[in-house]
Amino acid sequence: MAEKKATDWERIEADYRAGLLSVREIAAANGVSHVAVMKRAKKDGWERDLSARIKARAEALVTSRQVTAEVTAERLVTDRALVEANAEVIAGVRLSHRKDISTARTLAMSLLDELTHQTGNADLYEQLAELLIDTGDDEKDSAAATKRWQAFNAAMSLGGRTKVMKDLADTLHKLIGLEREAYGLVEAKKLEVTGKDGKPLGSKELSDDELTAIAAGQTANG
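Note that this note's numbering has the sequence shown beginning at 5, numbered continuously upward.
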């Protein structure tokens with residue numbers, strides 16, 4: 005009968021302290037029960053060295069957090085792209101408004117120049133009026149000339165010119181205000197958005213598309 009091999013407790017102790025293998029794995033490799041290993045460890049005061057397992061866990065944490073960081077970075081890139089796209093929309097609207105306001109202002113100034121010329125050259129316009137009403141003796145021509153004179157006189161009268169000046173002043177006042185807002189020289193009026201229940205909505209309750217639409221509309225309305 006073959007002699008039973010003695011249990012190598014030194015090896016078991018070394019494996020136990022290393023902490024790489026579980027108690028059951030150590031017991032199976034050495035032909036003893038895991039209960040026996042536990043009893044011997046308790047009796048002799050063995051302590052398992054968990055540094056290897058700690059290192060493995062640390063590696064797992066590093067990998068996990070690296071993946072999380074990459075996902076977060078991708079989300080930040082997506083957020084930046086979304087903000088950039090919405091900003092481009094609003095910038096396009098504001099630039100378009102600047103161009104329209106500039107065109108309207110140029111037209112208003114041209115009309116003002118015409119009014120200035122008209123007021124400063126009254127004699128020339130009186131001569132033009134004489135040409136308009138000098139049509140001979142024909143009754144039809146005379147009636148038409150009278151209508152032309154009335155229209156011309158309404159435009160050239162002090163009241164007519166005063167009305168034009170008032171309208172131009174009002175137009176320029178509005179255009180200058182819009183121009184200053186379009187170029188960020190003054191703060192635009194605040195816009196309050198309400199929900200279906202009539203209560204004010206905060207920016208967090210609105211989608212990015214809704215915020216973009218509101219911002220574009222606010223720019224348009226000045």
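Heads up, the beta-carbon is just placed ideally off N, CA and C, and yes, glycines get one too.
In the three-state reduction of the DSSP assignment, K9 falls in the coil class, being assigned neither a helical nor a strand state. Counting only residues of its own chain and dropping the five nearest sequence neighbours on each side, V36 has a CB closer than 8 Å to the CB of T11 and I16. Only residues of its own chain outside the window of five on either side were considered, and among them I16, D19, Y20 and V41 have a CB closer than 7 Å to the CB of I30, listed in chain order. In the structure shown, Y20 adopts helical secondary structure according to DSSP, grouped into three states. Taking all protein chains in view, the Cβ of A186 is crowded by 16 or more other Cβ atoms within 10 Å, so the residue is classified as buried. By the Cβ-count criterion, L179 is buried, with 16 or more other Cβ atoms from all chains shown falling within 10 Å of its own Cβ.
In the three-state reduction of the DSSP assignment, V27 falls in the helix class, which pools H, G and I.
Within the same chain, E183 come within 8 Å of S106 by CB-CB distance, once the 5 residues on both sides are set aside. The distance from the Cβ of A33 to that of D53 is about 18 Å, inconsistent with a contact at the 8 Å cut-off. From the listed residues W13, A62 and R69, the smallest Cα separation to K43 is found for W13. Bounds of the alpha helix (DSSP H) holding D48 are H38 to D48.
Note that the C-beta distance between V168 and L111 is not below 9 Å. At least 9 Å separates the beta-carbon of R84 from that of L176. The three-state reading of DSSP puts D53 in coil, since its state is none of H, G, I, E or B.
Sequence-distant partners of A45 (beyond 5 residues in either direction) whose C-beta falls short of 7 Å from its own C-beta, in its chain, are Y20.
Rounded to whole angstroms, the gap between the alpha carbons of A60 and V66 is 10 Å. In chain order, V27, R28 and A31 place their CB closer than 7 Å to the CB of H38, counting only its own chain and leaving out the 5 sequence neighbours on each side.
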